[in-house]
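Since the structure comes first, as structure tokens, the remarks are kept for the end.
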Amino acid sequence: MDEANVPKYAGQEVVFECLGEGILENAFQGYNACIFAYGQTGSGKSFSMMGNGEQPGLIPRLCCSLFERVHWEANEAHSFKVEVSYMEIYNEKVRDLLDPKGSRQSLKVREHKVLGPYVDGLSQLAVTSFEDIEVLMSEGNKSRTVAATNMNEESSRSHAVFSIIVTQTLYDLQSGNSGEKVSKMSLVDLAGSERVSKTGAAGERLKEGSNINKSLTTLGCVISALADQSAGKGKAKFVPYRDSVLTWLLKDNLGGNSKTAMIATVSPAADNYEETLSTLRYADRAKRIVNHAVVNEDPNARIIRELREEVEKLKVQLSQAESMKAPELKEKLQESEKLIQDMTVTWEEKLRKTEEIATERQKQLESMGISLETSGIKVGEDKCFLVNLNADPALNELLVYYLKEHTRVGADTSQDIQLFGIGIQAEHCVLELCPDGDVTLLPVRNARTCVNGTMIDSLVHLWHGDRILWGNNHFFRYEINLPKRKRRDRLKELERASPRESFVEADVETASEASSEQDYSYEFAQMEVIMKTLGNNDPMQNVVQVLEKQYLEEKRTALEEQRMMYERELESLRQQLSPEKTPQHHRSSSERLTFPTHTPHGKLRLWTEEDELFRQSLSRLREQVVKANTLVREANFLAEEMNKLTDYQVTLQIPAANLSANRKVLPILEKNGSAK
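Position one of the sequence shown corresponds to residue 1 (UniProt numbering), numbered consecutively onward.
Structure, rendered in structure tokens:
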């Protein structure tokens, strides 16, 4: 994990060489393959699977290598067809991320005796290049971001499954016969495993956590049962695939016809010891599973024949069935006919359908005001735009909204930028782009709008880097794409009405010019809103400030005592080495010099460790305060929306064991109070 430790450091390229190349080779041989990443939230699952612009993860590297090999091996006797699907499993419900309408309707999971488990109605789009996959992944992630923000979800609480279906057609030019090999690669980014006691989740968050833990627990049970079967322990155990949607869909990958790899991600933090141990045990059980993968050669003709036979059989049963059983048989008949229709679609029709869906999806994103730029924020000079802020790095700064001369924001479909969720009105606010390049924001009456953490109800001027909160959870950053020098000149001409303030660090309190170059993150914007909402008279803020002040005072006193002690020791050494003495006396006295037994470097290291521990503890306490207040703010908004006369507040409770008279400040912060 440490880049400085070159011999042991494994970057994204090394991970792909160890896992991705083997999976890709298996796919070209005709085997099904699967990679899934498991670990606690924040341990690097999404980074390993997706990566970022500078360090692409397994999925983009695998897709890129796939098409490189396709272009290399394709010829008259060997052709390739590639299709992809992208879905999200949230609260045990499946959503199609490539649906052009961005529907929140959950899809049904079915199981067919021939095809196995599948998602009914899931988009399976044809692609001809890595660029096509890049566009689809980008638009799928945008769809995931919009949905997560509107519903106040977190992507770390959902499972994402990206599937690639590779069909190879082999032609015998002499006989004219042909055969096919079909392989499916499932690339799974699992939700983070969390402990309820550690996260303090309640309400909807507890429900989300329960569903996550349900699916991951079921996955653990499935892995254990399969591991016992592979080890030959007793009679065949029941494998609870259907206990969760995730394990049901991964049935073939976990214990059937697939070559599967698991990435276990762990956190180096000491307080995550239990989660790390749990992840390693999970991986140890998974290693014991033995799958029996076979090459999927020419399955289509056989499958279509069996499906047609099943359709004929169902038609006969339907004609002879009793009236009460007819609806069930009709549904089965429709299901089989739909599968036949999907499997007999020509490649040209699939490509045309993919283009139609892409056009429809682009229109849908444009109607919401979202830029279609796929590879980062690339805009022309002098352009003003908003970029979304999200707690998840995979969804952060993914949506770009360009500003027009008159940009309306709200939940209504007629608005230029459409937002949905708690606290968003049909028409929420108006952004005006002035002729001189300035941008003003005017919220509608009673529309919750914060700029740089401060609630506003009148016209304000926006500046580069300003953070905007609309409603309860829509965070954005306003940016102007101007050269730095031009921006500085403009900021010098236009003076801010009030300087920016920061509650995080004193050195962040800078003028407009400096702050305009600072990259404000989601965490900064969220903490800014919470701290400014609480104000200076908040008891919890006072407790944190008192603890910090007390610690700094104790540290200053101790350092002063240390300095005086060093001065006394130096004075003593000077007296022993006084030049007035003769060389003989000097030699004899130098032999009798007594040096302090303690090591200054050891004490300095101890002070450094204590100081770092204090900073970490204080930062952790602040994070808990912000998190608790965020949940309380959300609960109060919900109560207001439901017209409930309920007011939620946060109190800081320090355990009684930490209140003993002889207990120092630092140990108190090591086990800081929990915000409830």
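Ideal Cβ positions, reconstructed from N, Cα and C, are used throughout, including at glycine. Bear in mind the structure is a predicted one, so any value in this text is a computation, not a measurement.
In this structure, how does DSSP classify residue i when only helix, strand and coil are distinguished?
i              : result
cysteine 34    : strand
proline 60     : helix
tyrosine 90    : strand
threonine 218  : helix
glycine 423    : coil
glutamate 432  : strand
leucine 442    : strand
glutamine 124  : coil
histidine 71   : helix
alanine 160    : strand
methionine 565 : helix
tyrosine 9     : coil
aspartate 611  : helix
valine 504     : For valine 504, the pLDDT reaches just 38, beneath the cut-off of 50, and the residue's location in the model is therefore unreliable, leaving the point undetermined.
glutamine 40   : strand
proline 51     : Looking at the sequence itself, residue 51 is glycine, so the reference to proline does not match. Three-state DSSP puts glycine 51 in a strand.
glutamate 405  : coil
threonine 145  : helix
glycine 437    : coil
Check each candidate in the options and name the one with the smallest Cα separation from residue i.
i              : options                        : result
tyrosine 402   : Leu395, Thr413, Leu613, Ile417 : Ile417
lysine 259     : Ala33, Leu570, Lys8            : Ala33
glutamate 355  : Thr128, Glu610, Val188         : Thr128
aspartate 132  : Glu83, Cys18, Ala447           : Glu83
glutamate 528  : Ser578, Glu569, Arg467, Leu547 : Arg467
histidine 406  : Glu337, Cys429, Pro393         : Cys429
alanine 270    : Asn643, Val311, Gln616         : Gln616
tyrosine 522   : Lys532, Gly121, Thr533, Asn473 : Asn473
valine 239     : Ala74, Val222, Leu246, Glu554  : Val222
glutamate 641  : Ile424, Asp457, Arg445, Thr454 : Ile424
threonine 167  : Glu139, Gln29, Leu190, Asn253  : Gln29
leucine 249    : Thr440, Asp120, Tyr566, Lys332 : Asp120
tyrosine 31    : Glu180, Asp99, Leu190, Phe162  : Glu180
arginine 633   : Val546, Thr557, Gln526         : Gln526
asparagine 257 : Ser186, Arg144, Leu577, Gly437 : Ser186
isoleucine 263 : Lys184, Ala447, Ser46          : Ser46
arginine 61    : Arg308, Val15, Asp392, Lys81   : Val15
glutamate 610  : Asn388, Lys555, Tyr86          : Lys555
leucine 98     : Thr454, Lys627, Ala358         : Ala358
residue 678    : Gly465, Cys64, Leu419          : Examination of residue 678 is not possible in this model, given that the chain is present from 1 through 676 alone.
Please classify residue i as buried or exposed, where buried requires at least 16 neighbouring CB atoms within 10 angstroms.
i              : result
aspartate 647  : exposed
glutamate 479  : buried
leucine 462    : buried
leucine 469    : buried
glycine 11     : exposed
lysine 338     : exposed
serine 458     : exposed
cysteine 434   : exposed
histidine 71   : exposed
asparagine 296 : buried
residue 677    : Lying before the first or after the last residue shown, residue 677 is absent from the chain, which here runs from 1 to 676.
serine 375     : Because the pLDDT at serine 375 is just 40, under 50, the model does not fix this residue reliably, and the value given afterwards should be weighed accordingly. The residue is exposed, with fewer than 16 neighbouring Cβ atoms inside 10 Å.
lysine 383     : exposed
aspartate 436  : exposed
alanine 447    : buried
lysine 142     : buried
leucine 441    : buried
In the DSSP output, which residue or residues are listed as bridge partners for residue i?
i              : result
valine 400     : Val387
tryptophan 470 : Thr449, His474
proline 117    : Glu111
valine 82      : Val127, Val166
leucine 187    : Ile35, Phe162
glutamate 528  : Glutamate 528 pairs with nothing; no bridge assigned.
threonine 354  : Bridge partners of threonine 354: none, in fact.
glycine 465    : According to DSSP, glycine 465 bridges with nothing at all.
glutamine 418  : Gly410
glutamate 76   : Glutamate 76 is not bridged to any residue.
arginine 633   : Answer by DSSP bridge pairing: none, since arginine 633 is not bridged.
aspartate 457  : Per DSSP, none; premise fails for aspartate 457.
isoleucine 133 : In DSSP, isoleucine 133 forms no bridge with anything.
arginine 95    : Glu88
glutamate 479  : Phe385
Taking 7 Å as the cut-off, is the C-beta of residue i nearer than that to any heavy atom in the ligand MN?
i           : result
alanine 286 : Ligands displayed in this structure: none; no statement on the ligand MN is therefore possible.
task: Just list the beta strand (DSSP E) runs in the stretch 229 to 317, keeping only unbroken ones of 3 residues or longer that don't cross its boundaries, in chain order.
output: 259 to 265
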